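Asker: Heads up: the sequence shown begins at 7 in the numbering used here, then just goes up one per residue. No residue lacks a Cβ here, since even glycine has one placed at the ideal position from N, Cα and C. Note that this is a predicted model, so its numbers are computed, not measured. The structure under discussion is supplied below as structure tokens; questions concerning it will follow.
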Amino acid sequence: MVEQLVSPNNFFQAAVPPPNTFTQHIASIDGKRGLFTGLTPRLCSGVLGTVVHGKVLQHYQESDKVEDLGPGNVPKEVPSSFDQVIKETTREMIARSAATLITHPFHVITLRSMIQFIGRESKYCGLCDSIVTIYREEGMIGFFAGLIPRLLGDIISLWLCNSLAYLVNTYALDSGVSTMNEMKSYSQAVTGFFASMLTYPFVLVSNLMAVNNCGLAGGCPPYSPIYTSWIDCWSMLQKEGNMSRGNSLFFRKVPFGKTYCCDLRMLI
């Protein structure tokens with residue numbers, strides 16, 4: 007997360023440190039407790055998101071039961087597999103979008119709690135205090151910083167994943183294979199991974215906008231530019247060749263000609 011949120015501009019080059027380097031550094035400064043910064047809002051986001059997602063899908067399932075029989079108890083026509091994919095993906099999109107919309111304020115608090123390690127601030131220390139701080143300084147809009155690229159990324163990733171999985175399962179796999187169901191699950195996982203790679207820039211832009219100009223050192227120059235909008239953030243990252251910053255745990259390289267704005271000693 008530190009690599010993802012801090013802009014590469016000034017000091018050291020070569021490979022970006024691996025994740026264990028960041029965790030060791032954080033632990034050496036804040037202790038092991040520092041590795042769990044932002045856990046409370048993250049848990050709230052996860053629990054609330056799961057509940058909202060489940061409730062929306064449950065509503066659709068109950069609607070299906072009512073519509074199972076047409077007028078005069080005549081069974082409804084079974085939709086084609088493609089129509090079924092469209093229907094299920096649309097419902098999943100609505101469920102995920104609702105969950106994201108409800109939980110995004112907790113996501114913003116989580117990111118800001120983590121990024122304040124860079125400037126050694128204590129502005130976002132508790133869930134309630136963080137809510138009050140954001141509302142007082144930015145109003146309601148502050149709770150939804152970075153929401154649009156996050157929603158777009160989720161929606162595009164979902165449709166890419168399900169569409170590719172449908173094409174693979176329908177045209178590439180032999181329906182006579184005994185392990186058909188197992189192969190379908192594998193194809194779903196592979197297409198999901200591929201879709202997440204393609205939509206990673208939306209995740210990056212969303213996270214950057216969530217902490218952009220929020221009063222923390224990590225969201226302001228020299229650590230990060232001030233972006234006027236998420237489109238401005240996208241354009242600047244694309245121009246610098248930083249669209250994939252932080253997307254890999256192991257093969258982490260600084261784009262050619264770029265350097266990091268600080269080394270780990272400056273994060274103390």
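Starting from Phe-112, trace the alpha helix (DSSP H) both ways and give me its first and last residue.
Answerer: Start and end: 87-121.
Asker: From what residue to what residue does the alpha helix (DSSP H) around Val-58 run?
Answerer: Run containing Val-58: 45-73, per the alpha helix (DSSP H) assignment.
Asker: What residues in its chain sit with their C-beta under 6 Å from that of Leu-133, if we drop five residues either side in the sequence?
Answerer: So the qualifying residues of the chain are Thr-46 and Pro-47.
Asker: Less than 8 Å between the CB atoms is what I'm expecting for Val-211 and Cys-239, so what's the real figure, rounded?
Answerer: Contact holds; Cβ gap of about 5 Å.
Asker: Kindly give me the distance between the Cβ atoms of Val-209 and Gly-159, rounded to whole angstroms, as I take these residues to be in contact under 8 Å.
Answerer: Indeed, because the Cβ distance is near 6 Å, the residues count as touching under 8 Å.
Asker: Sorted by chain position, which residues of the same chain lie with C-beta nearer than 6 Å to Tyr-233's C-beta, five sequence neighbours on each side aside?
Answerer: The residues are Asn-218 and Cys-239.
Asker: Asn-15 by DSSP, collapsed to three states: which one?
Answerer: Interpretation of Asn-15 is limited by its pLDDT of 45, a score under 50 that renders its predicted location unreliable; the figure taken from the coordinates is listed afterwards. DSSP places Asn-15 in coil when its eight states are reduced to three.
Asker: Within 10 Å of its beta-carbon, does Thr-27 have 16 or more other beta-carbons around it, so buried, or fewer, so exposed?
Answerer: Classification for Thr-27: exposed.
Asker: Let me make sure I understand the geometry here. Which of Ala-104, Gln-194 and Thr-43 has the alpha-carbon closest to that of Arg-118?
Answerer: Ranking Ala-104, Gln-194 and Thr-43 by Cα distance to Arg-118 puts Thr-43 first.
Asker: Determine, using beta carbons only, whether Ser-163 and Ala-201 come nearer to each other than 8 Å.
Answerer: In contact: Ser-163 and Ala-201 (Cβ atoms closer than 8 Å).
Asker: Roughly how many angstroms lie between the CA atoms of Val-57 and Gly-37, to the nearest whole one?
Answerer: So the alpha carbons of these two residues sit roughly 33 Å apart.
Asker: In whole angstroms, what separates the C-alpha of Thr-29 from that of Gly-55?
Answerer: Whole-angstrom Cα-Cα distance: 27 Å.
Asker: Please name the residue, chosen from Gly-52, Gly-125, Gln-194 and Pro-228, that lies closest to Ile-108 on a Cα-to-Cα basis.
Answerer: Comparing Cα positions, the closest option is Gly-52.
Asker: Out of curiosity, what's the CA-to-CA distance linking Gly-247 and Phe-199?
Answerer: Spanning the two alpha carbons is a distance of roughly 22 Å.
Asker: Do Val-174 and Ser-193 have their beta-carbon atoms positioned less than 8 Å apart in this structure?
Answerer: Yes, Cβ-Cβ distance for Ser-193 and Val-174 is below 8 Å.
Asker: Taking only the alpha-carbon atoms, compute the straight-line gap between Leu-204 and Tyr-229 and give it to the nearest angstrom.
Answerer: One C-alpha to the other measures close to 26 Å.
Asker: Exposed or buried, Phe-123, counting other C-beta atoms within 10 Å across all chains shown (16 or more means buried)?
Answerer: Looking at its Cβ environment, which holds 16 or more other Cβ atoms inside 10 Å, Phe-123 is buried.
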